[in-house]
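**Q** The letter at position 265 of the first sequence is residue 284 when you use our numbering, and the numbering goes up by one with no holes. Please see the structure below; I have some questions.
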Amino acid sequence: MLDPKLLRESPDLVRAAIAKKHLSVDVDAILALDADWRNQLQLVEALRGQQKAANTDMAKLPKGSPEFIAKVQEMTAVSAQAKEADVALKDVADRLKQALMTLPNIPHASVPEGRTPEENVVFSTWGSCEGLSPDAKAHWEIAGFEKLFDFARGAKVTGAGFPFYIGDGARIVRALLQFFIEEDGKAGYVEVNPPIFVNAASATATGQLPDKEGQMYEAVADGFYAVPTAEVPLTNFFRDEILDEAALPVKRCAYTPCFRREAGSYGKDVRGLNRLHQFDKVELLKWVHPSTSYAELDALRDDAENLLRLLGLPYRVLLMCGGDLGFSQAKKYDIEVWSAGQKRWLEVSSCSNFETFQARRAQIRFRGKDGKPELVHTINGSGLAVPRVLAALLENNLQADGRVKIPTALVPYFGKEYLTFA
RNA sequence: GGAGGGGUGGCAGAGUGGUCGAAUGCGCAUGAUUGGAAAUCAUGUGUUGGCGCAAGCCAACCGGGGGUUCGAAUCCCCCCCCCUCCGCCA
């Protein structure tokens with residue numbers, strides 16, 4: 020959510036942001052609504068003031084006195100008026116709030132212009148694809164794949180996109196998770212094991228509700244939502260709290276399974292491990308001082324990149340253009356790993372600075388030097404998502420003998436040097 | 001799941017219909033005192049929103065939402081959370 024004052028005082032800044040993100044929002048209508056709201060608010064406050072003053076007077080009058088009775092009669096009318104005005108105020112306030120929710124975050128000046136994903140800028144690349152086999156197989160075509168990654172049984176037991184991981188398949192997932200968490204810990208992120216169901220208030224604070232409701236699995240009886248990412252419980256940890264300025268930046272990481280309905284997606288992009296309804300991911304999250312947030316974003320991105328470097332998996336970093344940035348992000352990098360078999364880049368992390376956009380919704384603040392609470396900036400990104408890293412690992416490291424060579428850094432976690440499909 | 005007791009400012013804790021944004025204590029800040037500190041004394045000390053160039057003025061907030069009333073921290077209803085006991089259980 021944007022600061023309503025920003026809209027009021029610099030509507031052109033908001034218009035420019037909408038244009039850069041290639042969205043279409045009627046700013047003038049929201050400004051008009053805001054003016055209505057303020058008028059109505061003043062009316063209500065004037066009436067309340069009247070009631071309050073009368074209340075003080077009446078407290079001093081004898082209960083049954085003629086003056087008292089006259090006051091009651093007078094204030095009955097005011098009370099009715101106040102109630103009516105209050106209903107009208109709530110109505111305008113609701114509509115204004117909803118309208119404000121349609122305003123996207125302001126993109127940072129360093130965000131490139133552009134409308135489509137093709138216009139994202141390649142920010143950096145690491146590693147070489149040359150050593151990789153030109154006729155590498157997509158991971159689902161590797162002989163014995165279904166013995167370790169059983170999608171058919173998963174579909175029987177639950178549904179499509181809920182695979183079983185078996186033997187070395189389960190082992191490699193566990194090894195990757197442990198490796199990620201350990202490395203993230205070395206980079207200064209405190210490990211957190213959060214709830215994987217959240218309530219509606221939490222899902223609203225991070226923006227899953229109301230817009231993306233259809234993307235979450237829901238425990239209807241209790242009003243809980245299965246987390247689509249650890250970002251949700253992690254960010255909400257400090258919801259409605261005021262942090263100590265000296266404690267910033269707060270850096271945390273969390274592993275959770277992630278649940279996404281992925282309604283409407285289909286086609287070859289979703290084959291194998293590319294897109295699942297349940298997958299494992301370690302999320303990195305920082306609550307930072309506004310003055311340092313862009314340096315902290317770059318640092319977080321590098322922390323995520325480092326995991327791929329340690330695994331020896333080639334990747335590139337995209338700087339998202341305005342049109343592909345997303346509604347609530349001020350700046351975003353995507354990290355994509357090279358998948359030798361599919362001959363395409365797979366997104367494994369998306370590192371974003373939300374500035375105060377999330378913090379305002381979630382009311383996460385710190386106390387500044389002058390003693391006044393100020394909103395923090397929030398930054399997050401994956402570090403990393405398992406299935407696509409695993410897909411690249413299987414495809415890139417497949418040996419002629421049908422085994423997969425485990426990267427040196429991962430061997431201590433996996434416990435052996437090769438993964439076998441037997 | 002059942003029964004009972006609770007949720008008030010940074011913390012503790014009063015307040016059971018009006019003069020209550022809320023006593024008192026602790027904490028914190030500033031000042032006085034002191035060679036310095038402790039102790040003591042004095043003053044101050046929440047958040048949000050609106051109006052205003054500003055000083056400031058006004059309104060809201062006593063777990064959340066609704067209701068009764070001229071008026072609600074206080075009465076009624078619903079929900080959430082915490083504690084105690086019982087049941088169940090990894």
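Where is the CB? At the ideal position from N, CA and C, for every residue including glycine.
1. Check Asp259 in the structure and name its three-state DSSP category.
2. Ignoring anything shorter than 3 residues, give me the beta strand (DSSP E) runs that lie fully in the region 44-82, in order along the chain.
3. Going by DSSP in three states, Ala441 sits in which element: helix, strand or coil?
4. Taking the alpha carbon of Phe198 as the reference point, which residue from Val405, Glu132, Ala410 has its own alpha carbon closest?
5. Going straight from the alpha carbon of Asp322 to that of Ala206, what length do you get?
6. What do you get for Asp241, buried or exposed, if any count of 16 or more other CB atoms within 10 angstroms of its CB means buried?
7. When we look at the beta-carbon of Ile425 and count the other beta-carbons within 10 Å, is it buried (16 or more) or exposed?
8. Where does Leu403 sit, in a helix, a strand or coil, going by DSSP?
9. If His41 and Gly233 are in contact, beta carbons under 8 Å, what's the gap, nearest whole angstrom?
10. Quick check on the burial criterion: 16 or more other C-beta atoms within 10 angstroms. Buried or exposed for Ile88?
11. Using C-beta distances below 6 Å, list every residue in its chain close to Gly146, excluding the 5 sequence neighbours before and after it, in chain order.
12. Answer yes or no: do Arg193 and Tyr432 have a C-beta to C-beta separation smaller than 9 Å?
13. What's the call for Gln418, buried or exposed, on a 16-neighbour Cβ count within 10 Å?
14. Which residues mark the beginning and the end of the beta strand (DSSP E) in which Pro276 is found?
15. Kindly indicate the opening and closing residues of the alpha helix (DSSP H) around Asn293.
16. Whose C-alpha, out of Glu237, Lys300, Lys116, is nearest the C-alpha of Pro23?
17. Might you give, ordered along the chain, the residues of its own chain that have their beta carbon closer than 6 Å to the beta carbon of Asp343, omitting 5 neighbours on each side?
18. Short check: CB of Phe385 to CB of Ser347, under 9 Å?
19. Scan the region 207-235 and note each continuous alpha helix (DSSP H) run of 4 residues or more that stays entirely inside, going in chain order.
20. Glu281 and Arg294 - do their beta-carbons sit closer together than 9 Å?
21. Quick check on this structure: which residue in Arg363, Ala189, Ser371 has the alpha carbon closest to the alpha carbon of Leu319?
22. Which parts of the region 300-369 are runs of the beta strand (DSSP E), unbroken and 3 residues or longer, counting only runs that do not cross its ends?
23. DSSP on Ser129, reduced to helix/strand/coil?
24. Using CA atoms only, rank isn't needed, just tell me which of Val211, Pro252, Glu202 is closest to Gly226.
25. Could you tell me if Thr275 is buried or exposed, where buried requires 16 or more neighbouring beta carbons within 10 angstroms of its beta carbon?
26. For the alpha helix (DSSP H) holding Thr144, just list the boundary residues, first then last.
27. Going by DSSP in three states, Thr397 sits in which element: helix, strand or coil?
28. Val401: buried (16+ other C-beta within 10 angstroms of its C-beta) or exposed?
29. How close, in whole Å, do the beta carbons of Glu429 and Asp187 come, if the pair is a contact with beta carbons under 8 Å?
30. Between Ser152 and the rest of its own chain, which residues show a CB-CB distance below 8 Å, the 5 nearest in sequence each way excluded?
**A** Taking the coordinates as given:
1. Along the first sequence, read from residue 1 onward, the residue named residue 259 stands at position 240. It is coil, neither helix nor strand.
2. Counting only unbroken stretches of 3 or more residues, no beta strand (DSSP E) element lies wholly within the region 44-82.
3. Residue numbering aside, residue 441 sits at position 422 when the first sequence is read from its first letter. The answer is coil: DSSP assigns Ala441 none of H, G, I, E or B.
4. Here residue 198 is taken as the residue at index 179 of the first sequence, counted from 1. Nearest of Val405, Glu132, Ala410 to Phe198, Cα basis: Val405.
5. Here residue 322 refers to the residue found at position 303 of the first sequence. Here residue 206 refers to the residue found at position 187 of the first sequence. One alpha carbon belongs to Asp322, the other to Ala206, and they sit about 7 Å apart.
6. Your numbering for residue 241 matches position 222 in the first sequence. Classification for Asp241: exposed.
7. To locate residue 425, count along the first sequence from 1; it is residue 406. With 16 or more other Cβ atoms within 10 Å, it is buried.
8. Residue numbering aside, residue 403 sits at position 384 when the first sequence is read from its first letter. Reduced to three states, the DSSP call for Leu403 is strand.
9. Here residue 41 refers to the residue found at position 22 when the first sequence is read from its first residue. Here residue 233 refers to the residue found at position 214 when the first sequence is read from its first residue. At roughly 23 Å, the Cβ-Cβ gap does not stay under 8 Å, so His41 and Gly233 are not in contact.
10. Against the first sequence, residue 88 aligns to sequence position 69. Flag for Ile88 reads exposed.
11. Reading the first sequence from its first residue, position 127 is the one you call residue 146. In the same chain as Gly146, and ignoring 5 residues on each side of it, the C-beta atoms closer than 6 Å to its own belong to Pro333, in chain order.
12. Mapped onto the first sequence, residue 193 falls at position 174. Mapped onto the first sequence, residue 432 falls at position 413. Against a cut-off of 9 Å, the Cβ pair of Tyr432 and Arg193 comes out as a contact.
13. Position 399 of the first sequence, counted from the first residue, corresponds to residue 418. By the neighbour-count rule (16 or more Cβ atoms within 10 Å), Gln418 is not buried but exposed.
14. As a position in the first sequence, residue 276 is number 257, starting the count at 1. Here the beta strand (DSSP E) through Pro276 covers 269-278.
15. Position 274 of the first sequence, counting from 1, holds the residue named residue 293. Here Asn293 belongs to no alpha helix (DSSP H), and DSSP marks it neither H nor E.
16. By 1-based counting over the first sequence, the position of residue 23 is 4. Among Glu237, Lys300, Lys116, the Cα nearest to that of Pro23 belongs to Lys116.
17. Residue numbering aside, residue 343 sits at position 324 when the first sequence is read from its first letter. Around Asp343: Pro136, Asn139.
18. Along the first sequence, one-based indexing puts residue 385 at 366. Along the first sequence, one-based indexing puts residue 347 at 328. No, Cβ-Cβ distance for Phe385 and Ser347 is not below 9 Å.
19. You should have 219-224.
20. Position 275 of the first sequence, counted from the first residue, corresponds to residue 294. Position 262 of the first sequence, counted from the first residue, corresponds to residue 281. Yes.
21. Position 300 of the first sequence holds residue 319. Nearest C-alpha to Leu319: Ser371.
22. 334-338, 350-358
23. Taking the first sequence and counting its residues from 1, one reaches residue 129 at position 110. DSSP places Ser129 in coil when its eight states are reduced to three.
24. Indexing the first sequence from 1 puts residue 226 at position 207. It is Pro252.
25. Reading the first sequence from its first residue, position 256 is the one you call residue 275. With 16 or more other Cβ atoms within 10 Å, it is buried.
26. Here residue 144 corresponds to residue number 125 of the first sequence, with the count starting at 1. Per DSSP, Thr144 belongs to no alpha helix (DSSP H); it is in the beta strand (DSSP E), 140-145.
27. As a working mapping, residue 397 is identified with position 378 in the first sequence. Looking at Thr397 - three-state DSSP - the assignment turns out to be strand.
28. Here the question's residue 401 lines up with position 382 in the first sequence. Going by the sequence as given, residue 401 is Ser instead of Val. With 16 or more Cβ atoms within 10 Å of its Cβ, Ser401 is classed as buried.
29. Here residue 429 is taken as the residue at index 410 of the first sequence, counted from 1. Here residue 187 is taken as the residue at index 168 of the first sequence, counted from 1. Per the sequence presented here, residue 429 reads as Leu, with Glu not at that position. In fact, because the Cβ distance is near 12 Å, the residues do not count as touching under 8 Å.
30. Within the first sequence, residue 152 is the residue found at index 133, counting from 1. Counting only Cβ-Cβ distances below 8 Å, and skipping sequence neighbours, we find Ala359, Leu417.
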